[in-house]
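Asker:
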Amino acid sequence: MNRKGKRIIRYLGISLFLIILAGGCAKDQELNQTDYSNNNKEPEINKEEETVKIGVLLPMSGAQSKAGQEVRAAMNMFVDIINENRNDIDIPLAQSEGLPNLGGKKIELVFGDLKSADTALSEAERLITSEGAVGICGLFSSANTKTAAVSTEKYGIPLMSEGTSPTLTEKGYQYFFRVFPDDTMYVEDSFKYLMELNETKQADIKTVAFISEDTEFGKNIANVEKKCAEKYGFEIVENITYSSNATNLISESLKLKKSDPDVVMMSSYISDVILYMKTFKQLNYKPKMIMGQRGGFMTSELFTALGEDAEGLCSTSAWSLDLQIPLVKQLGDLYKEEYSGGVEMIADVLKCSTDLYVLCLAINQAGSTDAEAIKEAMLNLEYPEEQLFIAGTGFEFNEVGQNTAATALICQIKDGKYRTVYPNSINAYEGLFPLPPWYEK
Amino acid sequence: MIIQCIFEGIVIGSILALISMGIALIWGVMNVLSFSQGEFLMIGMYLTFFFNKNLGLDPIISIPFTAVIMFALGVLVYKTLIRKALKGPILSQRLITFALSMVLVNGMLMLVTSEFRTIPKVIFTGTVDFGFLVISKEKLVPLMVSVLVTGALFLFMNKTNIGKAIRATSLNKDAEELVGIDTEFSYMLAFGIASAIAGTAGCVLSYYYYITPTVGTSFLLFGLIAVALGGFGSIFGAYIGGLLMGIVDVFAGVYFNTAFKYVAVCALFMLVVSFRPKGLFGK
């Protein structure tokens with residue numbers, strides 16, 4: 201065979217390899233993103249009249265895409281509950297098909313990729329103007345919420361977000377709503393729990409240290425933690441800020457070990473939580489308690505990546521599978537068996553999908569997709585307390601969009617699951633304090 | 514605490530050194546800046562993970578297998594991409610590895626998702642506590658491997674005929690072709706060796722680090738600084754550059770402020786460049 205022939209065969213071989221690779225990937229993508237591709241192809245005007253479109257912003261690419269997939273699965277579950285007749289699930293909108301006050305119109309989700317704060321703005325705008333979304337929800341951080349709010353406030357569209365920064369309700373947004381607590385409530389409850397341990401278990405907790413990543417998420421929480429520590433009389437021995445996704449967290453961990461606080465409070469993303477725990481173990485350092493402020497502590501990857509090393513970690517939370525409410529178990533099982541491929545429901549996933557559900561409740565109660573009517577319905581939302589599947593007493597939004605009936609929880613990992621240790625009214629697990637050393641002597 | 518800081522700094526530095534040596538080798542031999550070195554490290558970590566999960570191999574045991582696979586991948590990348598880019602304009606030569614790194618990261622995100630993985634059980638685990646110094650056995654692995662790889666590479670480049678040919682090619686490609694040295698083979702070998710070193714770094718890093726498709730990106734940046742600090746083209750310089758960076762990183766974080774540890778590293782780099790523009794050991 202001459203040189204030219206060899207070259208042709210080589211290029212044919214490479215082309216075949218690329219086609220097989222692309223084919224494999226395309227199939228994979230099709231499985232994961234069926235409804236997304238459908239939505240992109242069919243934004244026809246006729247269909248807008250038949251369905252109520254809700255914009256959902258989720259990370260679909262990059263490091264956060266797994267969390268995005270889990271939230272998407274939970275949202276699909278709630279959409280099915282609303283769109284289909286589910287007499288077996290005792291929550292409003294489950295016993296009818298679609299939204300009864302809108303003539304049975306069904307919910308349709310239109311998705312946008314949430315890569316950064318910038319894309320939150322552009323994607324929210326696209327979903328509102330091109331796709332006709334009547335409300336926006338998704339897996340937002342506080343920083344993403346602020347940029348998405350630029351679009352939602354501009355077009356007067358309700359934005360449901362679980363960005364927990366207290367500043368979100370101080371900005372004068374007209375269409376912003378948050379179903380679950382903000383940082384102040386979470387952090388306040390963390391310190392109340394420490395006080396309770398001191399009183400009931402003679403825990404003798406006196407000193408605390410804070411580790412916070414250096415974006416809005418960590419900085420806001422660190423500020424609230426500082427105020428609360430002073431309020432409840434705990435001594436702050438370290439207040440460390442660090443860059444997220446650092447290649448190492450040695451100096452941060454060495455500083456903590458040197459100051460030896462009783463409790464370490466962490467506001468970190470999952471990559472940093474994994475690295476901190478590995479570094480603590482390598483330094484043979486373990487404080488009496490490690491309390492996460494959600495973030496990386498509320499991801500399913502915490503359990504898979506850390507395994508036994510995650511045992512005993514605490515985190516503030518808004519929801520837990522062990523809440524003693526039958527609906528919690530029912531929804532948790534439905535999600536795990538039919539939607540997530542065996543992954544258990546975690547708080548952040550439930551929070552985002554509850555946002556979608558609450559928005560649907562408000563649209564139905566308003567009987568309209570008009571933003572003002574939805575806002576009015578949201579402020580006067582009616583929900584039977586016996587049909588609740590979250591902690592707290594219901595959905596009572598104040599004028600700045602915060603649900604004042606929500607309650608924060610403190611959970612601790614036991615046997616690979618989060619168990620609720622606070623407040624006392626829920627108290628499903630007595631808790632482990634102090635944490636045992638990494639290596640038994 | 515000072516002794517602990519020195520130990521931890523050397524461990525961090527040894528990982529950076531492994532990454533930077535590959536970059537230094539490729540730059541020194543063919544004047545190509547390898548932006549994909551971080552992604553080769555990432556692929557090395559995934560290979561280690563899959564060897565561990567499916568065959569139960571400890572990361573140390575999987576070093577030779579990973580290194581061979583990564584060497585083959587490096588040769589393939591050289592033959593299909595780098596060799597062609599070297600014939601093109603200078604911008605293509607500079608950007609081709611950057612483009613490759615983007616393809617590898619996003620390709621891996623599609624194939625294995627962004628899920629964080631770790632290797633649950635390793636042979637060397639536990640700590641030795643001297644009071645003033647806690648030595649993690651897991652961290653001794655990158656330290657030892659880094660020293661061994663550096664020594665082996667040094668011997669290969671200086672004592673073997675192939676190594677001498679690679680070095681000669683880096684000095685004057687045209688002259689070497691005239692005396693009968695296959696420069697094409699030298700280039701291919703250098704790229705393959707650099708990939709194998711990155712794969713080895715991936716093996717030892719996965720001993721105590723998480724594995725995700727974007728893990729290599731942040732290491733690459735510090736690897737590049739280590740190369741520039743030690744001197745472009747100098748393998749020994751890259752090793753020392755990595756160690757220096759690790760030590761400065763830890764000391765600045767512990768004794769100054771954790772938020773400014775990277776400022777200290779970059780300040781050191783700027784200081785070195787102002788006095789020795791070609792780096793500490795650059796010629």
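Listed in order, the protein sequences are those of chains Z and F.
Whatever position you read off the first sequence (first residue = 1), add 200 for this note's numbering.
Whatever position you read off the second sequence (first residue = 1), add 513 for this note's numbering.
Just so you know, even glycine gets a beta-carbon here, dropped at the ideal spot from N, CA and C.
Assuming residue 344/Z is part of the alpha helix (DSSP H), what are its boundary residues?
Answerer: Here the alpha helix (DSSP H) through residue 344/Z covers 342-355.
Asker: According to DSSP, residue 603/Z sits in a beta bridge with which residue or residues?
Answerer: Its beta-bridge partners are 597/Z.
Asker: Does the pairing of the region 512-522 of chain Z with the region 379-387 of chain Z give three or more beta-carbon distances under 8 Å?
Answerer: Enough Cβ pairs lie closer than 8 Å, so yes.
Asker: Taking all protein chains shown into account, do 16 or more other C-beta atoms lie within 10 angstroms of the C-beta of residue 402/Z, making it buried, or fewer, making it exposed?
Answerer: Label assigned to residue 402/Z: exposed.
Asker: Taking the alpha carbon of residue 463/F as the reference point, which residue from 503/Z, 506/Z, 410/Z, 478/Z has its own alpha carbon closest?
Answerer: Residue 463/F lies beyond the range of chain F shown here (514 to 796); nothing can be said about it.
Asker: Going by CA-CA distance only, name the one from 541/F, 741/F, 635/F, 521/F that's closest to residue 716/F.
Answerer: It is 635/F.
Asker: Just the Cα atoms here: how many angstroms apart are residue 360/Z and residue 511/Z?
Answerer: About 33 Å.
Asker: Is it a yes or a no for the region 343-353 of chain Z touching the region 263-270 of chain Z, going by three-plus beta-carbon pairs under 8 Å?
Answerer: Not touching, per the Cβ criterion.
Asker: Check each candidate in 755/F, 743/F, 776/F, 779/F and name the one with the smallest Cα separation from residue 527/F.
Answerer: The residue with the shortest Cα to Cα distance from residue 527/F is 755/F.
Asker: Does the region 567-584 of chain F come within contact of the region 775-787 of chain F, defined as at least 3 CB pairs closer than 8 Å?
Answerer: No, they do not touch.
Asker: Alpha helix (DSSP H) containing residue 561/F: first to last residue?
Answerer: It spans 550-568 - the alpha helix (DSSP H) in which residue 561/F sits, taken as one unbroken run.
Asker: Mind checking whether residue 739/F and residue 529/F have CB atoms under 7 Å apart?
Answerer: Their beta carbons are under 7 Å apart, which means residue 739/F touches residue 529/F by this criterion.
Asker: Going by alpha carbons, who is nearest to residue 555/Z out of 251/Z, 256/Z, 252/Z, 250/Z?
Answerer: Residue 555/Z has its Cα closest to that of 256/Z, out of 251/Z, 256/Z, 252/Z, 250/Z.
Asker: Tell me which residues share the same chain as residue 411/Z and place their Cβ nearer than 6 Å to its Cβ, disregarding the 5 neighbours each side in the sequence.
Answerer: Taken in chain order, the residues that qualify are 440, 466.
Asker: Which of the three DSSP states, helix, strand or coil, is assigned to residue 592/Z?
Answerer: In the structure shown, residue 592/Z sits in a strand (DSSP, three-state: E or B).
Asker: Given 6 Å as the limit, tell me if residue 566/F has its C-beta closer than that to any heavy atom belonging to the ligand NAD.
Answerer: Ligands are entirely absent from the displayed structure, and the ligand NAD is therefore not among its contents.
Asker: Residue 396/Z by DSSP, collapsed to three states: which one?
Answerer: In this structure, residue 396/Z counts as helix in the three-state DSSP scheme.
Asker: Write down the C-beta distance between residue 547/Z and residue 498/Z rounded to the nearest angstrom, noting that I regard them as a contact closer than 8 Å.
Answerer: Their Cβ separation, rounded to whole angstroms, is 5 Å, which keeps residue 547/Z and residue 498/Z in contact under 8 Å.
Asker: Give me the subset of the region 614-641 of chain F whose CB atoms are less than 7 Å from a CB atom of chain Z, sorted by chain position.
Answerer: Listed by position, the residues of the region 614-641 of chain F near chain Z (Cβ gap below 7 Å) are 622, 623, 626, 627, 628, 629, 630, 631, 633, 639, 640.
Asker: Terminal residues of the continuous beta strand (DSSP E) containing residue 410/Z?
Answerer: Per DSSP, residue 410/Z belongs to the beta strand (DSSP E) from 407-413.
Asker: Who are the neighbours of residue 766/F on chain Z, taking C-beta pairs under 8 Å?
Answerer: Neighbours of residue 766/F on chain Z, chain order: 450, 451, 452, 454, 455.
Asker: For the beta strand (DSSP E) that residue 308/Z lies in, which residues bound it at each end?
Answerer: First-last of the beta strand (DSSP E) with residue 308/Z: 306-313.
Asker: Taking only the alpha-carbon atoms, compute the straight-line gap between residue 407/Z and residue 648/F and give it to the nearest angstrom.
Answerer: Computed Cα separation, rounded: 27 Å.
Asker: Helix, strand or coil, according to DSSP, for residue 431/Z in the structure here?
Answerer: In the structure shown, residue 431/Z sits in a helix (DSSP, three-state: H, G or I).
Asker: In chain order, what are the residue ranges of uninterrupted alpha helix (DSSP H) at least 4 long that sit wholly in the region 255-301 of chain Z?
Answerer: Here the runs fully enclosed are 265-283.
Asker: Under the DSSP definition of a beta bridge, which residues are partnered with residue 483/Z?
Answerer: None; residue 483/Z has no bridge partner.
Asker: Output needed for residue 496/Z: all residues of its chain with C-beta closer than 6 Å, excluding positions within five of it in sequence on either side, in chain order.
Answerer: The answer, listed in chain order, is 468, 469, 470, 473.
Asker: Determine the chain F residues that contact residue 264/Z at a beta-carbon separation under 9 Å, and present them in chain order.
Answerer: Under the 9 Å cutoff, chain F gives 627.
Asker: Within 10 angstroms of its Cβ, does residue 580/Z collect 16 or more other Cβ (buried), or is it exposed?
Answerer: Result: exposed.
Asker: List, in chain order, every chain F residue whose beta-carbon is nearer than 7 Å to that of residue 414/Z.
Answerer: Chain F residues near residue 414/Z: 772.
Asker: Could you confirm whether any beta carbon from chain Z is found closer than 7 Å to the beta carbon of residue 649/F?
Answerer: Yes, its Cβ sits closer than 7 Å to a Cβ of chain Z.
Asker: Assess, as a yes-or-no matter, whether the region 607-617 of chain F is touched by the region 551-559 of chain F under the definition of 3 or more beta carbon pairs within less than 8 Å.
Answerer: Segments in contact, yes.
Asker: Hey, could you find the ends of the beta strand (DSSP E) residue 463/Z is sitting in?
Answerer: 463-467 is the span of the beta strand (DSSP E), which, as asked, contains residue 463/Z.
Asker: Name the residues in the region 546-577 of chain F whose C-beta lies less than 8 Å from a C-beta of chain Z; which are they?
Answerer: Per Cβ criterion, the list is empty.
Asker: Is residue 631/F closer than 7 Å to residue 505/Z when the C-beta atoms are compared?
Answerer: Yes, Cβ-Cβ distance for residue 505/Z and residue 631/F is below 7 Å.
Asker: With 7 Å as the threshold, decide whether the Cβ of residue 478/Z is near any Cβ in chain F.
Answerer: Taking Cβ atoms only, chain F reaches closer than 7 Å to residue 478/Z, which makes this a yes.
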